[in-house]
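Mapping of the sequence shown onto the UniProt record's numbering: position 420 corresponds to residue 420, and the numbering continues sequentially without gaps.
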Amino acid sequence: MTYCPDRAAPLWSRPFHTLKEGPTVMTVADVVIVQQPKSVCVPQNYPVTLSVQAVGTGPLRYQWFDGQQIEVPCATESRLQVSLKKSESYICRVSDQYCNCIFSIWVRVKVLNLPVGVPPGWRGEPYIIAQPTPQQSVRHGDTITLKCLAFGMPSPQYQWYHNGHLLPKKNNEILEIKSAKADHVGSYLCSVSNVLEERWSEAADIALATPDNLPAPTLTATDKVALLIGNLNYTHHPRLMAPIMDVHELASLLQQLGFRVVSLLDLTLQEMEAAIDKFLQLLDRGVYAMFYYAGHGYEHLGRNYLVAIDAPRPYRTINCVCVQRVMCNMQERRAQLNVILLDTCRKWYKQSGPTSEINPLAPLGNTVYGYATTEDAEAFEVQDGGKSTGIFTKYLNKYILQPQKVTHILEQVSEDLGKDQLVSGKQVVEIKHTLKEPRALTDPVGTAGHTMELHLRDACWRQANVLPGRKLLDFPCGVQVELSFSALFSNILLVFGMVRNSGTMVQDCTVDLHSEPLPP
1 MTYCPDRAAP
11 LWSRPFHTLK
21 EGPTVMTVAD
31 VVIVQQPKSV
41 CVPQNYPVTL
51 SVQAVGTGPL
61 RYQWFDGQQI
71 EVPCATESRL
81 QVSLKKSESY
91 ICRVSDQYCN
101 CIFSIWVRVK
111 VLNLPVGVPP
121 GWRGEPYIIA
131 QPTPQQSVRH
141 GDTITLKCLA
151 FGMPSPQYQW
161 YHNGHLLPKK
171 NNEILEIKSA
181 KADHVGSYLC
191 SVSNVLEERW
201 SEAADIALAT
211 PDNLPAPTLT
221 ATDKVALLIG
231 NLNYTHHPRL
241 MAPIMDVHEL
251 ASLLQQLGFR
261 VVSLLDLTLQ
271 EMEAAIDKFL
281 QLLDRGVYAM
291 FYYAGHGYEH
301 LGRNYLVAID
311 APRPYRTINC
321 VCVQRVMCNM
331 QERRAQLNVI
341 LLDTCRKWYK
351 QSGPTSEINP
361 LAPLGNTVYG
371 YATTEDAEAF
381 EVQDGGKSTG
391 IFTKYLNKYI
401 LQPQKVTHIL
411 EQVSEDLGKD
421 QLVSGKQVVE
431 IKHTLKEPRA
441 LTDPVGTAGH
451 TMELHLRDAC
461 WRQANVLPGR
471 KLLDFPCGVQ
481 VELSFSALFS
491 NILLVFGMVR
501 NSGTMVQDCT
511 VDLHSEPLPP
């Protein structure tokens with residue numbers, strides 16, 4: 001390889017080599033590139049031609065390489081034609097028959113994957129496709145970010161200006177100014193140019209925000225925790241079908257929103273109370289908390305009760321879980337948002353005996369109740385085997401991923417359920433809340449200042465959700481069986497058995513798994 005320090009030197013000043021072959025003397029000039037290829041910026045699949053021009057003695061050979069320094073197949077001409085879906089870099093090697101060679105500069109075909117093309121008859125002049133935001137109001141000390149994007153062949157050069165003055169070293173497509181202050185207020189423009197033409201972006205006006213016009217702060221949670229309980233296989237009451245599917249689908253959706261989800265099926269009263277106590281331990285300041293229940297329930301003296309699977313017939317309040325007490329305990333943990341969703345009946349149930357004693361909730365402005373039905377009414381489910389679902393939860397799952405205030409989500413559920421002919425005139429959603437901020441289940445999690453509480457929740461969470469590892473069982477007959485484990489619900493463990501080695505003495509082997517209930 002011959003290095004040429006001055007590629008702009010005239011041809012007569014280039015170094016020469018003298019070859020002697022017998023009586024013949026021939027002078028061989030170094031290979032010199034006289035025109036380098038140019039980088040470009042184009043839309044996806046736009047045809048691009050890269051070219052290099054070189055001079056030397058005799059015929060010249062060309063080979064193009066990509067960004068991984070791999071030869072481009074069949075790219076042995078001075079011109080390389082490509083049509084790309086993503087950006088790529090290229091370089092060209094030019095050589096002669098005397099083993100002299102030189103490489104071009106690296107060039108880049110930058111591909112912008114944007115739903116914007118170039119105008120008909122485009123020649124390669126800068127074509128701006130993304131303008132800087134026309135107006136921004138930023139706080140003192142914030143970062144100002146402006147962006148201008150353009151297609152161009154050759155690739156366009158960028159230069160930013162502030163109030164008509166060139167900004168030194170601000171020659172990228174993105175302008176970033178840290179620690180905004182009064183000096184940065186004003187109008188910004190970007191000049192976009194190449195050898196063909198110069199274009200100017202639209203103006204972007206930057207202002208410092210005063211306390212009156214500051215944008216609303218982003219609402220965040222320090223963590224998100226949900227407890228879902230579905231009771232269906234009752235000992236003394238009619239069995240239900242929908243809770244298993246409702247809990248499973250809702251758990252999956254809440255996990256997509258960043259919730260730590262505990263999903264439980266068929267709990268006795270003792271198990272329900274224990275699960276709620278563990279759930280409350282995960283709550284703390286700033287946490288978004290959700291409690292969901294699907295199963296039998298009723299209303300007594302303005303309070304709602306959830307029926308455990310072992311509740312006697314007839315049941316009393318002492319055999320059930322009081323919803324208002326759960327909310328009261330959630331409030332005591334100072335969670336940022338407390339949501340209780342009940343897909344259960346609210347028929348008035350007259351009975352003797354004491355009512356639950358509950359102190360009034362503090363006016364924290366953070367509680368939401370979503371009832372599947374109104375007072376003294378039933379909540380219905382569609383029974384369709386493994387696809388059975390509660391009417392309320394069906395529409396809840398439809399909207400729960402939307403980035404809207406949680407009460408707005410429930411309003412949409414109410415509207416859809418009201419149009420459902422299966423329950424028209426029988427079931428209507430009821431919403432009660434004290435929300436003073438537009439908090440949504442999609443709000444991001446921010447742990448700054450709460451790392452200690454987060455570590456404690458992580459430890460508690462891992463302890464409750466650790467699955468057994470894979471196990472190999474060796475039997476005296478030489479058979480080896482592998483067991484693996486998966487959790488369909490937090491209290492339902494699936495065990496899979498697979499024969500890994502049937503041994504030399506066994507001709508036929510199958511795995512049969514049985515479970516036995518744990519002693520009380």
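Ideal Cβ positions, reconstructed from N, Cα and C, are used throughout, including at glycine.
Just to check my reading of the structure: residue i and residue j have Cβ atoms closer than 8 Å, yes? What is that Cβ distance to the nearest angstrom?
i	j	result
V406	A372	About 16 Å; that fails the 8 Å criterion.
A377	A294	Incorrect: roughly 16 Å between the Cβ atoms, too far for contact.
D143	A180	First, the amino acid is wrong: residue 143 is Thr here, not Asp. Indeed, because the Cβ distance is near 7 Å, the residues count as touching under 8 Å.
V403	T220	Note that residue 403 is Pro in the sequence shown, not Val. About 13 Å; that fails the 8 Å criterion.
L250	L240	So it is not a contact: roughly 15 Å between Cβ atoms.
R346	N304	7 Å
Quick one: grab the DSSP three-state call for residue i.
i	result
Q131	coil
R325	helix
F392	helix
G469	coil
A182	helix
K170	coil
E21	Confidence at E21 is low in this model, with a pLDDT of 44, below 50, so the placement of that residue should be treated as unreliable; the coordinate-derived value is given next. Residue state, collapsed to three classes: strand.
residue 558	The question about residue 558 has no answer here: the residues shown for the chain are numbered 1 through 520.
M245	helix
I276	helix
residue 522	Limits of the chain in this structure are 1 at one end and 520 at the other, which puts residue 522 out of reach.
Q507	coil
A203	coil
S515	coil
A251	helix
K405	strand
I318	helix
Can you find the residues in the same chain that come closer than 8 Å, C-beta to C-beta, to residue i, ignoring five residues on each side of it along the sequence?
i	result
P10	Here P10 scores only 35 on pLDDT, less than 50, and its place in the model is too uncertain to base an answer on.
P126	A150, F151, G152, P156, V192, S193, N194, L196, E197, E198, R199
W348	Y298, E299, H300, E375, D376
G186	H162, N163, D205, I206
Below 7 Å between beta carbons: does that hold for residue i and residue j?
i	j	result
H236	R313	yes
P37	S104	yes
C99	V52	no
A29	G56	yes
L467	F485	yes
I340	M327	yes
V109	L84	yes
E173	C148	yes
I206	Q159	no
Enumerate in chain order the residues of its own chain whose CB-to-CB distance from residue i is below 6 Å, with the five nearest sequence positions on each side excluded.
i	result
residue 599	Residue 599 cannot be examined here, being either before or after the span of the chain that is shown, 1 to 520.
Q255	V261
G67	E88, S89
L337	Y288, N366, R439
F279	L227
F380	I391, V423, Q427
N501	Q480
R139	A209
G258	K224, V445
Got a sec? Which residues, its chain only, sit under 7 Å from residue i by beta carbon, not counting five neighbours each side?
i	result
D503	This sequence places Gly at residue 503; Asp is not what is there. Answer for G503: C477, G478, V479, listed in chain order.
L78	What sits at residue 78 in the sequence shown is Ser, not Leu. The answer, listed in chain order, is S51, V52, Q53, Y62.
R333	L280, L283, D284
D420	I391
N329	L280
V123	Residue identity check: residue 123 is Arg in the sequence provided, not Val. Once the five neighbours on either side are set aside, the close Cβ partners of R123 are L196.
Per DSSP, what are the beta-bridge partners of residue i in this structure?
i	result
M330	Paired residue(s): none; M330 is not in a bridge.
Y62	V94
R79	S51
M290	A226, V339
D474	Q480
M498	E482
E150	It should be pointed out that residue 150 corresponds to Ala in this sequence rather than to Glu. Answer is I128, bridged to A150.
V382	T389
K110	C41
H165	H162
V307	C320
Y369	I340, K432
Between residue i and chain C, is there a C-beta pair that is closer than 7 Å?
i	result
G478	Here chain C cannot be found, since the structure has a single protein chain.
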